[in-house]
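These notes are about the structure you will find just below.
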Amino acid sequence: MRKTVSPAGRTARHMAAGAARQPRGSGVQLYKSGLLFTAKQSFRTWEELGTELFSFADSSTWWIADWLVYGESVFQDRYEEAIKRTSLSYQTLRNYSWVARAFPLSRRRQGLSFSHHLEVVALEEPEQDYWLRKAEELGWSRNKLRREVRSSLLMRQSELTQSGAGGDEESSAVARTAAGSTSTLLRRDATSTAEARSLILQFSADELAGMGRAARRDSESVEAWVAKVVRRAIDCS
162 MRKTVSPAGR TARHMAAGAA RQPRGSGVQL YKSGLLFTAK QSFRTWEELG TELFSFADSS
222 TWWIADWLVY GESVFQDRYE EAIKRTSLSY QTLRNYSWVA RAFPLSRRRQ GLSFSHHLEV
282 VALEEPEQDY WLRKAEELGW SRNKLRREVR SSLLMRQSEL TQSGAGGDEE SSAVARTAAG
342 STSTLLRRDA TSTAEARSLI LQFSADELAG MGRAARRDSE SVEAWVAKVV RRAIDCS
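Spelled out as structure tokens, the structure:
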């Protein structure tokens, strides 16, 4: 279905042009580098414009992500050279590509932002669908979704650690999921004693992605790679 664009929406669409524009009667001038109000706006008009601007910004993220996926699959040898000309960091673009590949168009929730999808991208597909559906139905923000997912994963990790019923493999799987979706890495060392405690480390998304690349080079899981690095640092201290 083609979306009907309001006057405020048509104003927002002019953001794509570099030169200043002032749609008739809008009282808004749009530049590539900013927006200028040249007339007093009603609250409703201002609100509609903001809604369209946010929608446009979120759509552009998906567009860039799909553009990256296509370029990566079709122009492998020239892909990285092309993305160097963009204004975004390489890791940001890689994250965009990761989310776009994980969520084909048919699975994307139109009522949720790209950031919502990023929050659950490290989960298994059924869990992705569960959390996105819940976020859409309850109108959760990205931050609210992050908190709910983190709380659920940490609770599961705690239950597995305390009972031991899930075994180390399942416990490790929960830890990997938590690491990918909440930028938190949990590890329960299978070789430790019964009195060993879980260790919670906080990392940024970029740091986790870097650790993931390093772990793949060594053909190891992120948890095993981090544990190896920590032990090596301890041995050298």
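Residue numbers (our numbering): 162 to 398.
By construction, the Cβ of each residue, glycine as well, lies at the ideal position given by its N, Cα and C atoms.
What residue does the beta strand (DSSP E) around residue i start on, and which one ends it?
i: V189; result: 189-192
Could you have a look at residue i and say whether DSSP puts it in helix, strand or coil?
i: G300; result: coil
i: L197; result: strand
i: Q318; result: helix
i: D379; result: coil
i: R307; result: helix
i: F364; result: coil
i: S267; result: helix
i: G371; result: helix
i: L254; result: helix
i: S274; result: coil
i: E356; result: Low confidence applies to E356: its pLDDT is 39, below 50, so where it sits in the model is not reliable enough to give any reading.
Between which two residues does the alpha helix (DSSP H) containing residue i stretch?
i: F217; result: 204-235
i: R392; result: 383-397
i: E285; result: Looking at the DSSP string, E285 is not in any alpha helix (DSSP H), and its letter there is neither H nor E.
i: T247; result: From DSSP, T247 is part of no alpha helix (DSSP H); its letter is neither H nor E.
What residues in its chain sit with their C-beta under 8 Å from that of residue i, if we drop five residues either side in the sequence?
i: A385; result: A376
i: R269; result: W223, H278
i: R262; result: V230
Where does residue i land, buried or exposed, given buried means 16+ other C-beta within 10 angstroms?
i: N304; result: exposed
i: F400; result: Not covered by the structure: residue 400. The range shown for the chain is 162 to 398.
i: F215; result: exposed
i: Q271; result: exposed
i: L249; result: exposed
i: Q289; result: buried
i: D387; result: Correcting the residue identity first, residue 387 is Val in this sequence and not Asp. Result: buried.
i: V391; result: exposed
i: F264; result: buried
Residues in its own chain within less than 7 Å of residue i by CB, not counting five upstream and five downstream?
i: E280; result: R303, L306, R307, V310, S342
i: Y240; result: G232, E233
In chain order, what residues of the same chain lie with their CB nearer than 6 Å to the CB of residue i, ignoring the 5 residues before and after it?
i: D219; result: S274, F275
Regarding residue i and the ligand SAM, is the C-beta to nearest heavy atom distance less than 7 Å?
i: L279; result: As presented, the structure is devoid of all ligands, the ligand SAM included, so that no description of it is given.
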